[in-house]
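Peer 1:
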Amino acid sequence: MSVAQPIPARQKNVNRAEVCDQNFKEFVQNWRGRVNPALLAGGLCSEHDFGELFESQLISRHLDLMARVLRVQNKVFYTIGSSGHEG
């Protein structure tokens with residue numbers, strides 16, 4: 115995995131969403147850790163349920179990114195992102 119270069123907090127013309135997306139993709143592609151079962155003993159959620167939950171989080175994040183694109187294009191005036199509210 116390559117070492118990410120620090121980005122100044124107020125650097126102009128930086129698409130933070132693209133930076134986060136690229137970092138996530140790189141992390142997943144280079145993952146070499148153990149894979150553990152996603153189910154908790156005695157839990158009520160099935161493997162399918164966890165998959166559905168994760169898919170919902172990905173869709174929500176994608177909508178956030180599209181809202182940012184629309185905001186840059188002045189097609190919307192206000193966006194509320196779900197990033198960081200996964201629980």
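Mind the numbering: the sequence shown is residues 115 to 201 in my numbering, read in order. Where a beta carbon is used, it is the ideal one built from N, C-alpha and C, also for glycine.
In three-state DSSP terms, what is G165?
Peer 2: When secondary structure is reduced to three states using DSSP, G165 falls in the helix class.
Peer 1: Is the Cβ-Cβ distance between R182 and T193 less than 8 Å?
Peer 2: yes
Peer 1: Measure the beta-carbon distance from L179 to A131 and round it to whole angstroms, keeping in mind my assumption that it falls under 8 Å.
Peer 2: 5 Å
Peer 1: Quick check: the Cα distance between C134 and Q143, rounded to an integer number of angstroms?
Peer 2: 14 Å
Peer 1: Grouping DSSP H, G and I as helix and E and B as strand, with all else coil, what is N137?
Peer 2: helix
Peer 1: Could you say which of V190, V186, G195 lies nearest to N127 if we only look at CA atoms?
Peer 2: V186
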